Amino acid sequence: MDNNVKFVIVSFIYVILEIIWITSNLKMYNSNTIRIQGKLSNMTNTIILYIIIVYLILLLSIIHIAIPLTLNNIKEEDKLEDKIYKSIQYGGSVGFCIYGIYNLISLIIYENYEIKIAIIDTVWGVFIYSLLTLIYLLLK
2 MDNNVKFVIV
12 SFIYVILEII
22 WITSNLKMYN
32 SNTIRIQGKL
42 SNMTNTIILY
52 IIIVYLILLL
62 SIIHIAIPLT
72 LNNIKEEDKL
82 EDKIYKSIQY
92 GGSVGFCIYG
102 IYNLISLIIY
112 ENYEIKIAII
122 DTVWGVFIYS
132 LLTLIYLLLK
């Protein structure tokens with residue numbers, strides 16, 4: 002399968018999984034936002050544009066960092082278990098760094114940012130990057 006097709010598939014899966022994740026955890030994120038800034042943000046065109054830009058940057062980090070890093074450390078003859086492990090080790094480490102940095106900075110600059118949310122969100126980053134990297138490796 003062509004790499005561009007694989008990237009489109011991975012991107013589509015990422016957007017769908019993020020929508021599911023955010024909507025299923027909306028109460029947690031909303032209560033955190035209210036605790037920090039006293040209210041929810043209005044969904045303006047500017048905020049929507051920022052959301053789109055953030056997800057484009059995250060997709061770039063998956064496509065140009067997590068997947069290539071994993072591919073550089075995998076062998077053609079690796080078994081499924083090795084691919085899973087290396088997807089977690091390399092792809093997951095990129096997710097850990099990106100989501101972990103965001104959450105640690107949030108803990109530093111927002112007095113009421115909860116450590117529980119920081120941990121949950123960072124674990125989500127490791128999971129989603131590991132999964133997407135593995136999906137890319139398994140696409141033929």
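For the record, in the sequence shown the residue sitting at position 99 is 100 according to the numbering used here, with numbers rising by one throughout.
We put the beta carbon where it would ideally sit given N, CA and C, even for glycine.
Model, not experiment: these values are computed from the prediction.
- Excluding five sequence positions before and after I63, the CB atoms of its chain that fall closer than 6 Å to its own CB belong to L133, given in chain order.
- Following the DSSP letters along the chain, one finds Q38 inside the alpha helix (DSSP H) bounded by residues 27-38.
- Cβ contact annotation for I85 (same chain, cutoff 7 Å, sequence separation greater than five): L135, in chain order.
- Closest by C-alpha distance to I37, out of L139, V124, I118, Y56, is I118.
- In this structure, Y51 sits away from V16, with a CB-CB distance that is not shorter than 9 Å.
- Note that the segment 124-133 touches the segment 95-113; at least 3 beta-carbon pairs, one per stretch, sit closer than 8 Å.
- Taken through DSSP and simplified to helix, strand or coil, K84 comes out as helix.
- Taking 9 Å as the cut-off, the Cβ atoms of N104 and N33 do not count as close.
- Taking every protein chain shown into account, the CB of V11 has 16 or more other CB atoms within 10 angstroms, so this residue is buried.
- Counting along the chain, D122 sits inside the alpha helix (DSSP H) bounded by residues 116-139.
- Sixteen is the threshold: when 16 or more other Cβ atoms of the shown chains lie within 10 Å of the Cβ of D122, as they do, the residue is buried.
- Rounded to the nearest angstrom, the Cβ distance from K141 to M2 is 6 Å, consistent with a contact under 8 Å.
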